[in-house]
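Asker:
Now the structure itself:
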């Protein structure tokens, strides 16, 4: 049988080049299809998010609000809040939680003097953080005694935020508040507010800012978990209209202090910026 004649080298090279071109063309088309589908998917997600944001803003705007300068009156609103979470709290724990949150929010709403804020903190067992930690907050420990350092830091925070950092009003009915209890452990410190539907006025949609305090408590969550396996935590979720007219969700994280038998304020999270209670 006669062997088949091999095509000239130039013909073979041309055929290989055509195959390469075909492969590249198919790859380009495939990549274009993937990019087109991804772009459509991203656009769909963006549109869905914007619709969700609009629904969220509408639900925020629908909340009836009123001032909260009187902590006892604000406490009565929070007392009717819906409670959720896998961990039930005792009546004592629930009532003390309402009181602590109401007192703190009233201090923020009134822009209470530094003397009043400091007295409230100390009466509940808080102390200012060590100099090293104060410097991490942006305070200047070299400015004098810790109390003076904190006063200057508080004044700076208030000046930089202006009316945008002052919560002028809060929901007037219990529907504008949610309380969620949980057990924090060393591997799960309950570090984020409860996840709520995007249409809820108390949900966090978009960015959020968390504001830990320059004050620290001997029975803080970190201190308790250094020697215990778990600690009782609570998130109190609400919303506020700030001095600049904008409404944003607000969530306070607290830890139950077994020895003091009261709640320790850990941090405050506010939708977008600036945070509430910065420097308090």
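Residue numbers (this note's numbering): -13 to 266. Beta carbons: idealized from backbone N, C-alpha and C, even for Gly. None of these values were measured; they are calculated from a predicted model.
With H, G and I counted as helix, E and B as strand and the rest as coil, what does DSSP make of residue 93?
Answerer: helix
Asker: Taking DSSP as the reference, what is the three-state secondary structure of residue 222?
Answerer: When DSSP states are grouped into helix, strand and coil, residue 222 belongs to the strand group.
Asker: When we look at the beta-carbon of residue 231 and count the other beta-carbons within 10 Å, is it buried (16 or more) or exposed?
Answerer: Looking at its Cβ environment, which holds fewer than 16 other Cβ atoms inside 10 Å, residue 231 is exposed.
Asker: Need the endpoints of the beta strand (DSSP E) that residue 63 sits in, please.
Answerer: Not the beta strand (DSSP E): residue 63 falls in the alpha helix (DSSP H), residues 57 to 64.
Asker: Looking at the ligand SAH, does it come within less than 8 Å of residue 56, judged from the CB to the closest heavy atom?
Answerer: What this structure holds is no ligand at all, so the ligand SAH is not there to describe.
Asker: Give the straight-line distance between the Cα atoms of residue 252 and residue 112, rounded to the nearest whole angstrom.
Answerer: 11 Å
Asker: Could you spell out where the beta strand (DSSP E) holding residue 194 opens and where it closes?
Answerer: 194 to 198
Asker: With a threshold of 16 other CB atoms inside 10 Å of the CB of residue 58, please say whether the residue is buried or exposed.
Answerer: exposed
Asker: Are the Cβ atoms of residue 179 and residue 255 separated by less than 9 Å?
Answerer: yes
Asker: Tell me whether residue 142 sits in a helix, a strand or coil according to DSSP, three-state version.
Answerer: Looking at residue 142 - three-state DSSP - the assignment turns out to be helix.
Asker: Could you have a look at residue 248 and say whether DSSP puts it in helix, strand or coil?
Answerer: The DSSP-derived three-state label of residue 248 is strand.
Asker: Tell me which same chain residues have a C-beta within less than 8 Å of the C-beta of residue 150, skipping the five on either side of it?
Answerer: 228, 229, 230, 232, 260
Asker: What do you reckon, are the CB atoms on residue 267 and residue 79 nearer than 9 Å?
Answerer: The structure shown does not extend to residue 267, since the chain is modelled only from -13 to 266, so the question has no answer here.
Asker: Assign residue 243 to one of two classes, buried (16 or more other C-beta atoms within 10 Å of its C-beta) or exposed (fewer than that).
Answerer: It is buried - the Cβ of residue 243 has at least 16 other Cβ atoms within 10 Å.
Asker: When the Cα atoms are used, what is the spatial distance from residue 234 to residue 226?
Answerer: 6 Å
Asker: Have a look at residue 139 and residue 145 and give me their C-alpha separation to the nearest angstrom.
Answerer: Each residue's alpha carbon lies about 10 Å from the other.
Asker: Going by the beta-carbon positions, is the gap between residue 258 and residue 170 smaller than 9 Å?
Answerer: no
Asker: Under the rule that 16 or more other beta-carbon atoms within 10 Å means buried, what is residue 265, buried or exposed?
Answerer: buried
Asker: For residue 55, count neighbouring C-beta atoms within 10 Å of its own C-beta (all shown protein chains included) and say buried if the count is 16 or more, exposed if not.
Answerer: exposed
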